[in-house]
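Number of protein chains: 4
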Amino acid sequence: MFFASDNTGPVHPAIMDALTLANAGYAMPYGADAMMDKVREQIREVFEAPEAAVYLVSTGTAANSLILATLAQPWDTIFCSPVAHIHEDECNAPEFFTGGAKLTLVNAPNAKINPDKLRRKIEAEETRGVHGPQRGPLSITQVTERGTVYTVEEITTLCGIAKSYGMPTHLDGARFANALVTLGCTPAEMTWKAGIDAVSFGGTKNGCMGVEAVIFFDPKHAWEFELRRKRGAHLPSKNRYLAAQMSAYLTSNLWLETARAANAATARLAEGVKQTEGAAFLYEPQANIIFAGWPRAAHQRLHDAGAQYHIMEGQLEGDNPDEILTARLVCDWSASDENIDQFLALLKG
Amino acid sequence: MFFASDNTGPVHPAIMDALTLANAGYAMPYGADAMMDKVREQIREVFEAPEAAVYLVSTGTAANSLILATLAQPWDTIFCSPVAHIHEDECNAPEFFTGGAKLTLVNAPNAKINPDKLRRKIEAEETRGVHGPQRGPLSITQVTERGTVYTVEEITTLCGIAKSYGMPTHLDGARFANALVTLGCTPAEMTWKAGIDAVSFGGTKNGCMGVEAVIFFDPKHAWEFELRRKRGAHLPSKNRYLAAQMSAYLTSNLWLETARAANAATARLAEGVKQTEGAAFLYEPQANIIFAGWPRAAHQRLHDAGAQYHIMEGQLEGDNPDEILTARLVCDWSASDENIDQFLALLKG
Amino acid sequence: MFFASDNTGPVHPAIMDALTLANAGYAMPYGADAMMDKVREQIREVFEAPEAAVYLVSTGTAANSLILATLAQPWDTIFCSPVAHIHEDECNAPEFFTGGAKLTLVNAPNAKINPDKLRRKIEAEETRGVHGPQRGPLSITQVTERGTVYTVEEITTLCGIAKSYGMPTHLDGARFANALVTLGCTPAEMTWKAGIDAVSFGGTKNGCMGVEAVIFFDPKHAWEFELRRKRGAHLPSKNRYLAAQMSAYLTSNLWLETARAANAATARLAEGVKQTEGAAFLYEPQANIIFAGWPRAAHQRLHDAGAQYHIMEGQLEGDNPDEILTARLVCDWSASDENIDQFLALLKG
Amino acid sequence: MFFASDNTGPVHPAIMDALTLANAGYAMPYGADAMMDKVREQIREVFEAPEAAVYLVSTGTAANSLILATLAQPWDTIFCSPVAHIHEDECNAPEFFTGGAKLTLVNAPNAKINPDKLRRKIEAEETRGVHGPQRGPLSITQVTERGTVYTVEEITTLCGIAKSYGMPTHLDGARFANALVTLGCTPAEMTWKAGIDAVSFGGTKNGCMGVEAVIFFDPKHAWEFELRRKRGAHLPSKNRYLAAQMSAYLTSNLWLETARAANAATARLAEGVKQTEGAAFLYEPQANIIFAGWPRAAHQRLHDAGAQYHIMEGQLEGDNPDEILTARLVCDWSASDENIDQFLALLKG
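Residue numbers (numbering that gives the first Met the number 0), protein chains in the order written: chain A, 0 to 348; chain W, 0 to 348; chain H, 0 to 348; chain Z, 0 to 348.
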């Protein structure tokens, strides 16, 4: 019963096989390997973006921070939601990589940035000339940190606002595949066709060992990104093993298969929560993350049985067994029905 | 005939097996996995350093830069050799991670820092009070970038000088194992017993897929390093796969076995070069790197036959077949006698 | 009728005289001048802080940023109000000087930080371990950016909260003297006795040419600050001319005299605004800044007559003469009754 | 007998008068004052550069660091001499403001960069692609830190080399006027006509209180510089007092008059040193700085009589009265013949 994160499960066997296959003979280092050429072509095809600049890094924070540093000046402010991973969970990495850019938090009900509030915040940053921060990129997360999913229209609206102010746009797609499966659209529709300039395309949370693709639809950013990546110590010498993961991930739609599995497991779990008296969602679960509250007593039962997940609000210790504590549950591709049903049985008590 | 670098060869099968073994069930993310506990104990034992703080990162530049940022203040200068990897090959990563520290280059014949020159440079940095950079860490590379190896006494002397000025010390051990095999001493003797405070302990170039250990002998640096690592986007969520590599690397002396293989291959190659008329070493090859010069015509033969290595000085294209060009040759654990002999046959013409 | 800022007026004659007096013969550069020794003693005496480390810089942003960089780590977050000068008016200077620290905005009615909200925000920053920013300094502004003044008790409460979490505290005292005159307390009471660790002690807005003192009550910060100041290019070679200003400013209570003049002028202006039908304060003016709204038609009259001040909300151009636009009015020591009365006459129409 | 630096003497009376004159009524802050408009026009006229972007800052380190940060990327290396002020005397400010650029030291006999060595160093930075630092600006100092002066031809040659590699060029003109007086050329000839892109135009060392002009001949750098200046806390609110200094400095050729006085005083001093037995120049004094050696006994006599200057090599304390110690002597505009002659009398003993 492991629902703490989608980074605690095992690597998909097809990825492991690809690593073994890649482990033959010599390969040029630092991204000059043949497998990287293949990955570049795969991503360009998947995204219908024949000009895109494509790179691999080993962590999502690296993908986000290096992209934002390429899109933002140090005197800019980056617009994001108050619960954005780049704001809450990267220990100031965006500030570090950008050389001190600021993050402006925009009201985001359900973790989705509100367009009117975005426009208002952007306007507010223009009243002080050289004194205030300048308008930098818009960064949105898809799937959001609360498990909701922007529609293509919503992304288009937000990017349209950003573009009307000349601002670049970034999509933190640590759970890109999970969102795509939910929306049933194409990668192009969810990104550049909607106005996104650069994507952190996640692999790690969805069955890979540790690889994220960086995609710039405009290749003008390529050389600066390469320098920033190297200077950030994120250029792996044995790049072929990152490339092997990403290539296998994109082969035969493995990435969509694992995302579908994760989303389906989450749906099963959510359905059970929904039918549990005293349990309620904080956000509508649309991909592979659930935020739900239920009484402390039920948390205690789950905890005692070894269930692993984060309690976001409230504390397990306490006098009132009826007090509602908020849980965050995440399913990865390997979550089993058996585990889910066991969890739900304990939840219902 | 691949002698371009020790990062172009395959991962050792025992490392691959360990990755497969680690790929079972769930594991806590971000270094809280059980395998990481094991690695920590293994390194503490290998280094006879029961208090050491131990971390894993995926690139050597990350290990170096994050350690130096922990040891240096932004207004310091780091003392290193003019051919130090941190100076020449990291695209200003040390400057980036330290927030703008300077690197002071100290004369280093054979790529080994000269103690008198070190003392003189340190003294020179103390004449300007608040105006000049302040004295920061000493950083030495073992095996050096020219294939030479410091003796334990030489390390002790350099660290002694640094310590006499209150300066911390760092050892860039991207090829730590190769040096240890050459010296036949213990890891403790080559490091903390000689005065080293922090080590970049390489795995990647010696048979791993992509893992370097960071070792601080004084655990007071631990928490700051953890924050710097996260902020540098170098904390892997699925840390278990880094830990699995490092653990296998240290098990049954695999790391020494692969280093011995690389050094032995290099010795065979060096012996052949030595016996080749018109060929000469620029530095005495003491581990797994050779710098040697020979006529352009021989380079041309090798190149035409597909041999891969870097020409450091001179250019393959040119009118004079007798002109001496300098080659850098590096052997990894997988270099075969057959390849070496084929190379030597071509060299001799 | 110049009410745009307290940095648009002339330097007080006594400061000019002091500059002339200081301009004789030779003086040691970089703060080693005798006048600097005197300033240090004067500030220590005024603040009843015989151990304090004291420095001079030429801008308020320099004082704030260099102090915050000394008190904060790059992975920290600084707690301040949403309208703090360090957040809105320094073009990311705090982020730059700290190496990428974040600013956490705490709800601040009347621009004064609410203690409960502060506590809640501090608590919220402790749930993510190495992933989130760490707790850094609290920074408060006195006089606030909206013209209100913290009581000594309020400062004590806020600092007490910060201290209970081990956080250092900074007071942006660009208008320190104006606040002190309002409160009628001692400098010590408004700072270290209330729990403040470091002060940006303003001179520029209150009659000086361009000088701010940096005060650390604990001298342990001294050497780091000196290095940061030099590295920030804020160590003036001819420091004697900064010292001369600050010394004259503190002599014979000139600083309190000029602040009293500014506050009295503001009170006269505020009284007139108060008695104007259709005009209303947004915040209670407690020192030398007024935020008030009145109809566009009155703004137009004032503007046509050459009155200078900032319109903070709303725009002079518009169809509705009755629409209320917000003005910010600031008086410096040189504001004349004549000008104020002329302004009020125009306001009343 | 004050020869320690040209920043220890008094401000020229004409500058003081200008400050008094500027101190009337209100003036727009942050560089929007009318006096700044005048300064801009004066500099454009003096430099025959009608398009130039012109700014004022209060320290030479600010001018240098902010210009270099505008011209260099964080992954670049800046080419300068080993004794450059930006390398030795700014406590890593260039590294700080650029976000971690490196400084490559180029052999510079007499403190003047050798063109062949420059070309060789530039070439050496191009062998490592993304791994090494990239080619950034060339920065030269005129008057050099050793008191020598580049000819216009020498500057043209160095800039020509930089330009042939697409590198921008910076002139640290802390002693610009002193050099101009030596060469007898025009400001344009010594700068943009010779290939210089940006100038730190010094006022502080030559009779001002604390002001340096930043000049970009191509105004495309203007807005970025303004943001960097504000973010670096170097935008003075009361800019009029910087502008008043610079304007007076450029009026009626005051700047050339003070430089001529300083150079003439230095020539008188140098002539005396030259005629002193046992004394010898290390570099030919060409402007207002002398490096000369003479026996310890003579230093002792001077020291006992209160003469102030820096001993660069060797120490006053020592057993051997005949040992040669190197002195650095600098004259400012106010150095008197009487003081010089007194100094020379003591020197000769």
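All residues carry an ideal CB built from backbone N, CA and C; glycine is no exception. Bear in mind the structure is a predicted one, so any value in this text is a computation, not a measurement.
Contact under 7 angstroms by Cβ, residue i with residue j
i	j	result
proline 294(Z)	aspartate 321(Z)	yes
alanine 349(H)	threonine 140(H)	Because residue 349(H) is not part of the residues shown, which for chain H are 0 to 348, the question remains open.
threonine 257(H)	glycine 183(H)	no
glycine 202(W)	methionine 245(W)	yes
arginine 327(H)	methionine 311(H)	yes
methionine 34(H)	alanine 243(H)	yes
alanine 212(A)	alanine 52(A)	no
alanine 286(H)	isoleucine 14(H)	no
threonine 7(Z)	tyrosine 240(H)	no
isoleucine 66(A)	alanine 176(A)	no
glycine 194(Z)	lysine 219(Z)	no
glycine 172(H)	serine 138(H)	no
asparagine 106(Z)	valine 180(Z)	no
glycine 131(Z)	glutamate 87(W)	yes
Best match in the options for proximity to residue i [C-alpha to C-alpha]
i	options	result
threonine 69(W)	Ile85(W), Asn109(W), Val56(W), Pro93(W)	Pro93(W)
methionine 0(A)	Leu268(A), Phe95(A), Val142(A), Ile112(A)	Leu268(A)
alanine 31(A)	Asn238(A), Thr143(A), Ile42(A), Ser64(A)	Asn238(A)
glutamine 72(Z)	Leu55(A), Gly98(A), Val53(A), Thr60(A)	Gly98(A)
isoleucine 85(Z)	Gly159(Z), His169(Z), Thr150(Z), Gly24(Z)	His169(Z)
threonine 265(W)	Val329(W), Tyr25(W), Arg145(W), Val213(W)	Val329(W)
histidine 11(A)	Thr250(A), Ile66(A), Gly313(A)	Thr250(A)
glycine 292(A)	Ala304(A), Leu226(A), Phe216(A), Gln274(A)	Gln274(A)
proline 167(H)	Val180(H), Ile121(H), Val151(H), Leu20(H)	Ile121(H)
valine 272(Z)	Asn252(Z), Leu253(Z), His298(Z)	His298(Z)
lysine 111(W)	Glu124(W), Thr103(W), Gly146(W)	Gly146(W)
aspartate 331(W)	Ser236(W), Leu315(W), Arg174(W)	Arg174(W)
threonine 155(H)	Lys192(H), Pro81(H), Gln314(H), Lys101(H)	Lys192(H)
phenylalanine 46(A)	Phe216(A), Trp74(A), Glu270(A)	Phe216(A)
Residue i, DSSP secondary structure in three states
i	result
methionine 208(A)	coil
isoleucine 85(A)	helix
serine 138(W)	strand
methionine 15(A)	helix
valine 10(Z)	coil
valine 213(H)	strand
glutamine 314(Z)	coil
glutamine 361(Z)	No answer is possible for residue 361(Z): the residues shown for chain Z start at 0 and end at 348.
valine 148(A)	coil
alanine 33(H)	helix
cysteine 79(H)	strand
threonine 265(W)	helix
glutamine 307(Z)	strand
phenylalanine 1(A)	strand
First through last residue of the beta strand (DSSP E) which encompasses residue i
i	result
valine 349(W)	Summary: the structure shown does not reach residue 349(W), with chain W confined to residues 0 through 348, and so no result is reported for it.
valine 56(A)	52-56
lysine 101(Z)	101-104
Extent of the continuous alpha helix (DSSP H) run through residue i
i	result
isoleucine 289(W)	First-last for isoleucine 289(W): 288-294, but that is the beta strand (DSSP E), not the alpha helix (DSSP H).
leucine 281(Z)	Run containing leucine 281(Z): none; DSSP gives neither H nor E here.
proline 93(H)	92-97
* Ranges of the alpha helix (DSSP H) found wholly within the stretch 167-248 of chain A, counting only runs of at least 4 -> Within the stretch 167-248 of chain A, the complete alpha helix (DSSP H) runs of at least 4 residues are 175-182, 186-189, 221-230.
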